[in-house]
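Here it is in structure tokens:
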């Protein structure tokens with residue numbers, strides 16, 4: 001079995017997660033090539049060495065350009081802070097590498113478009129880390145919608161709420177950098193917008209109310225000096241889909257008590273679905289009709305009936321975890337590179353999502369509906 | 001113990017519910033007067049007689065004006081279709097009677113204002129059937145907010161979703177009459193708007209997207225002829241509260257699978273609350289801080305610690321039902337008439353809610369934010 | 001409409017609950033007679049007068065024998081401490097009255113048998129307060145079992161757990177009086193045993209482990225003197241049913257945190273059911289077979305499809321409460337007296353349940369399986 | 001970093017799971033050695049080759065004895081059918097290898113004892129695949145019990161229910177082989193018995209009712225010929241713990257609709273816990289005392305506060321999956337071999353569990369309580 005070399009830039013939470021995923025992917029999915037952790041790059045030498053040793057990379061470098069240009073690296077994973085993605089991705093594309101980039105890939109749709117066009121021109125494959133939609137029960141949800149099993153779709157209500165910015169004395173961080181292109185609308189909003197698109201297709205129009213809940217934050221943990229916050233803490237969107245239905249989307253990192261409230265409710269004329277990432281091995285399904293004595297939402301548990309769950313667990317009830325979603329993402333990207341299997345979300349999809357993010361920011365400022373151009 | 005005579009106009013679902021509530025109130029609450037079901041009015045003679053017999057009224061009439069003017073009737077309950085409320089309420093007020101009216105009390109804020117002013121001028125007490133906020137655990141929620149236990153309030157997300165209009169071939173009904181002043185925004189929206197105000201106080205600004213999901217409906221069950229629907233099936237609001245926080249509110253009678261999705265999530269800097277009427281003897285509470293190993297939402301069960309639950313059940317776990325909420329509403333109105341206890345929601349509160357309903361309809365047409373005047 | 005006079009002995013929690021129930025029953029159920037609260041008896045004169053005034057009885061007495069023999073009293077409700085039930089019931093039967101008695105009706109099966117035989121000989125109707133099985137969704141459960149919809153029944157696991165005796169310094173009370181015929185096995189065990197019989201029919205054999213968790217308790221709240229506890233705090237039963245399946249039953253008043261953990265799980269070859277009184281307007285149903293992608297437990301919500309829920313609420317989601325269960329119990333007893341409707345649980349059923357309680361106590365002492373004679 | 005060679009015997013569900021776990025362990029846990037998948041053995045050559053290729057083993061063999069004796073193999077994982085465990089484990093121990101064996105390690109306590117004594121004599125480390133107790137929130141549960149945070153423990157109710165044998169026409173399989181030492185009591189019962197011991201310590205006495213629900217099964221899928229079933233389908237145990245409290249334990253592979261109903265409820269004088277593997281990233285905790293308005297069960301979500309969750313996920317809400325439990329098991333075994341970290345469950349613990357299994361089988365036959373010798 002031939003090897004395919006993975007190079008990962010960045011060794012933080014996401015760098016480790018990519019390493020775990022690529023390491024696992026080869027053992028779990030029936031791929032043509034064996035993924036190997038060829039090289040890791042971190043400009044912090046100690047961090048790079050630690051990752052090299054701990055995560056089992058063959059080589060380590062402090063120079064991400066060396067990684068990008070290394071002939072044994074076929075796939076470049078970019079897990080650095082958002083503002084660095086573009087430069088690295090363009091370099092990797094220029095070197096003819098397939099690129100797996102964390103979300104959001106760029107601070108603006110214009111940047112995303114540049115990256116997308118470079119990749120398409122170079123003929124390399126791309127993948128973006130919208131890991132939550134790799135969930136087997138969300139593939140079921142999409143299938144049920146696409147097949148007409150839910151009838152005509154009536155409405156959508158989506159949210160991604162977490163509470164890591166609830167504390168008004170929580171310190172300023174890179175997430176609040178206005179150069180990143182938005183606050184929670186970019187960080188969490190891109191997940192739920194992507195999920196909405198994954199399930200229901202294009203969004204055409206948006207109204208938004210973006211709010212900065214905490215106007216200033218300590219410049220560092222415990223500091224008395226405070227810095228102004230210029231980005232949104234909560235984003236509340238009203239949206240219209242190309243297919244005709246409408247809905248709402250909320251992104252919120254001040255959602256007190258919530259650790260992973262990424263979810264939605266979808267109503268259709270023949271059925272309804274309710275999902276929350278808090279219990280992501282489950283999907284609630286209501287089927288219209290039948291014996292009225294038995295009507296109600298059915299709690300479907302993820303099982304081998306929901307591909308690719310069966311590659312991880314022998315039976316329902318066992319359950320997959322967050323890192324398994326990342327493993328599916330990595331494996332499906334490798335399959336795409338090998339010419340098989342589902343593609344995406346790729347840079348084009350990331351661009352479409354970023355356009356909605358950008359438009360929501362504008363719509364909030366203008367206090368008006370705006371079309372997604 | 002002196003009697004207080006109750007006269008109820010209407011014998012449908014709500015008429016029966018009022019009768020059950022007033023009958024029960026005297027046995028459960030420590031009132032000064034004994035409520036008696038003095039008279040029932042229905043222009044359908046057979047329906048009136050059946051209610052008279054079944055529900056145990058002393059007298060029955062087909063002439064609601066006779067009821068309103070009867071000297072033994074001290075409280076007039078109005079449970080007829082919404083378009084009739086105003087005339088009946090004004091007549092009852094003119095006769096010096098206290099008025100308990102179902103919601104919405106009028107098809108417009110202007111009408112509601114006229115009713116409110118008449119009542120205040122006459123010095124009679126009024127009550128409106130926003131029964132869901134009579135829930136003991138919602139009183140707890142309000143107390144927790146008012147006392148500062150939740151800290152500064154960050155955001156609100158509320159919904160009232162049911163599915164009785166999901167079926168596109170469901171027949172046209174009085175709920176769709178544009179003379180009623182709105183579709184779901186008036187019918188269900190008034191409940192969740194009222195609940196938002198009950199918990200967080202005045203709303204000052206609103207953006208709205210009102211949607212008619214089913215453009216035409218059969219003129220009657222099974223009919224092939226169809227009639228245009230002129231009112232909203234789903235209303236999606238973005239709102240701002242006078243206290244500074246913001247939120248969203250959805251009213252939706254096409255919420256497939258939902259029978260009573262009346263609920264909210266409130267985030268504060270010191271705590272969060274989650275509630276759904278689907279399990280209305282429970283309130284979820286997250287307290288910020290404490291041992292990180294133990295953090296999470298606590299499922300508080302209604303108990304005698306939450307007044308007036310203890311008047312109904314000896315211990316937590318027993319649970320109250322919908323009709324008990326109505327009984328609290330009736331009993332609290334009687335206590336108000338007797339000069340005790342909490343007042344409201346009265347006609348003034350109904351007027352405030354109706355202004356938001358009216359403004360939301362206008363805001364949706366104008367596609368802009370609008371202030372509540 | 002003719003009246004039927006209700007006389008209630010006792011004015012505690014259960015006395016009040018019976019009064020509320022009989023008062024409501026006439027307004028909610030289509031009965032032939034109108035129930036009236038004719039008389040209340042309490043040997044504490046002040047308590048009796050308060051109930052008379054508050055609950056709306058026509059008359060009050062300190063002499064329960066006067067109530068039992070009053071010609072205007074047709075139904076005698078006995079809500080006094082358990083050790084008094086027998087004398088009162090026998091007197092009421094002797095006076096030709098129908099008897100509604102709280103559970104357990106007697107401290108032993110022998111006593112219960114004597115009461116049952118007296119009632120059957122006198123031709124009066126009897127009813128026992130196993131209110132939880134009056135739940136509409138439990139009638140659905142029984143129908144699903146009886147109709148074969150669940151296939152052959154494989155097993156049963158039932159529990160009634162509450163926590164009101166968890167505190168080791170909680171005071172001694174009448175519930176611990178060994179003359180009452182048992183501790184939790186009689187108090188809570190009778191409910192879950194009755195529910196098991198209601199659903200699955202006779203139990204033929206029992207093994208039991210009864211345990212006194214708290215060996216001594218303060219003689220009164222706050223007292224330093226302690227009194228030995230001679231009855232069981234937890235009872236763990238293994239049982240066999242006449243229909244062939246087996247199961248377990250637990251009764252536990254030291255179930256920390258539980259306020260109403262009365263529930264069961266039933267497995268059948270074609271389906272399974274899960275129920276808990278903590279959310280008693282719901283029944284979980286798993287149907288074997290069908291599309292494997294959609295399998296799971298369906299959360300059925302009580303609705304008008306589940307008689308007699310529709311007499312209380314117009315639609316699913318509204319929900320009934322504890323006092324409504326008691327109202328169903330009262331109304332069904334009145335219907336039985338009128339010659340209509342379902343009967344029971346009557347004294348015969350209470351006797352059958354008491355035999356199981358008695359046998360479990362013996363089985364625990366003997367540390368062996370014992371047959372229900 | 002030095003390597004430690006892993007050899008796995010068996011390539012079924014559990015063989016794959018061990019391979020995934022050892023592959024991941026090195027990247028996730030801070031170990032001194034790097035685990036490498038050195039060799040896989042399967043007597044089915046094609047299966048072995050497929051695993052070799054797919055899972056990334058360095059070498060493959062059809063002769064498990066070759067694996068056991070290979071100098072590059074330091075840890076032998078045994079994932080074959082239960083009846084083969086003993087011979088393989090003894091051979092590995094004789095070769096001086098550390099042994100990681102799936103549960104149950106042997107069909108009887110006597111066999112388990114022989115294996116345990118061999119391992120202890122040889123000074124090798126052992127580990128048994130009771131993976132569910134590797135859950136971070138169960139370590140929290142154990143800590144809360146051990147620290148006295150729950151007060152004195154009052155009672156335990158445990159279950160492991162799944163439904164893979166519910167269908168009466170499901171075929172006979174190796175799980176039903178009486179040579180394996182028991183049916184569900186060995187297969188699932190060992191998990192919940194082990195969990196009970198993990199949390200509460202030794203069990204001293206047991207009563208049991210073992211039941212064969214399906215008396216005969218098709219000899220193969222679809223066959224008309226049927227074979228008698230000699231082992232238990234449901235086991236219902238009543239138990240007493242050395243610490244003084246009592247409880248019940250159920251093992252059930254005919255639990256219709258249940259895919260992973262492995263759970264328990266523990267009551268203590270100061271708190272209570274509820275857990276189910278169906279939602280194994282959560283633990284429900286009730287704390288006695290405090291403000292009565294706020295009392296209830298708190299749903300604790302697994303987070304970095306619960307070691308070693310933080311090695312897998314950066315924050316609460318992300319969640320670990322089944323294979324991550326197995327990874328913890330593998331990593332902790334490697335740490336034990338390296339002289340660090342928590343040990344077990346080892347062969348001694350497996351022996352203790354097997355004694356309870358054996359005693360339960362005897363107790364059921366004798367219809368009596370039996371002591372664990």
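Protein chains in written order, with the numbering used here: chain A, 1 to 373; chain B, 1 to 373; chain C, 1 to 373; chain D, 1 to 373.
Even glycine gets a Cβ: it sits at the ideal position worked out from N, Cα and C.
What you are looking at is a predicted structure, and each value in this text was computed from that prediction instead of being measured.
Chain-ordered chain C contacts of residue i [CB-CB under 7 Å]
i	result
residue 300 of chain A	294, 295, 296
residue 318 of chain B	260, 322
residue 55 of chain B	27
Distance between residue j and residue i (C-alpha atoms, nearest Å)
i	j	result
residue 303 of chain B	residue 134 of chain B	15 Å
residue 112 of chain A	residue 185 of chain A	16 Å
residue 4 of chain D	residue 26 of chain D	10 Å
residue 156 of chain A	residue 93 of chain D	60 Å
residue 34 of chain A	residue 327 of chain A	14 Å
residue 119 of chain C	residue 105 of chain C	13 Å
residue 348 of chain D	residue 240 of chain D	20 Å
Helix, strand or coil at residue i according to DSSP, with G and I counted as helix
i	result
residue 285 of chain D	strand
residue 374 of chain B	Since the first and last residues shown for chain B are 1 and 373, residue 374 of chain B lies out of range.
residue 84 of chain D	helix
residue 368 of chain B	strand
residue 190 of chain D	helix
residue 265 of chain D	strand
residue 378 of chain A	The structure shown has nothing for residue 378 of chain A, since chain A only spans 1 to 373.
residue 160 of chain B	strand
residue 127 of chain C	strand
Contact under 8 Å by Cβ, residue i with residue j
i	j	result
residue 273 of chain A	residue 150 of chain A	yes
residue 65 of chain B	residue 91 of chain B	yes
residue 278 of chain B	residue 295 of chain B	no
residue 380 of chain A	residue 88 of chain A	Look at the range of chain A in this structure, 1 to 373, and you will see that residue 380 of chain A is not part of it.
residue 51 of chain A	residue 15 of chain A	yes
residue 299 of chain A	residue 161 of chain A	no
residue 181 of chain C	residue 232 of chain C	no
Proximal chain C residues relative to residue i, where beta-carbon distance stays under 9 Å
i	result
residue 122 of chain A	Within 9 Å Cβ-Cβ: nothing; residue 122 of chain A doesn't reach chain C, min ~39 Å.
Residue i beta carbon near the ligand ADP (any heavy atom closer than 7 Å)
i	result
residue 98 of chain B	No copy of the ligand ADP occurs in the structure displayed, which carries no ligand at all.
Within chain D, the residues that residue i reaches when beta carbons sit closer than 9 Å
i	result
residue 286 of chain C	163, 256, 257, 258
residue 7 of chain A	Correct list: empty, because the minimum Cβ distance to chain D is about 16 Å.
residue 140 of chain B	293, 294
Under 8 Å by beta carbon: chain B residues contacting residue i
i	result
residue 183 of chain A	Simply none; closest approach about 14 Å.
Interface partners of residue i on chain A, CB under 7 Å
i	result
residue 305 of chain C	292, 293
Partners in chain B for residue i, counting only beta-carbon separations shorter than 7 Å
i	result
residue 313 of chain C	322
Using a Cβ-Cβ cut-off of less than 8 Å, list which residues of the stretch 268 to 279 of chain C approach chain B; keep chain order. Close to chain B, meaning a Cβ-Cβ distance shorter than 8 Å, are the following residues of the stretch 268 to 279 of chain C: 277, 278, 279.
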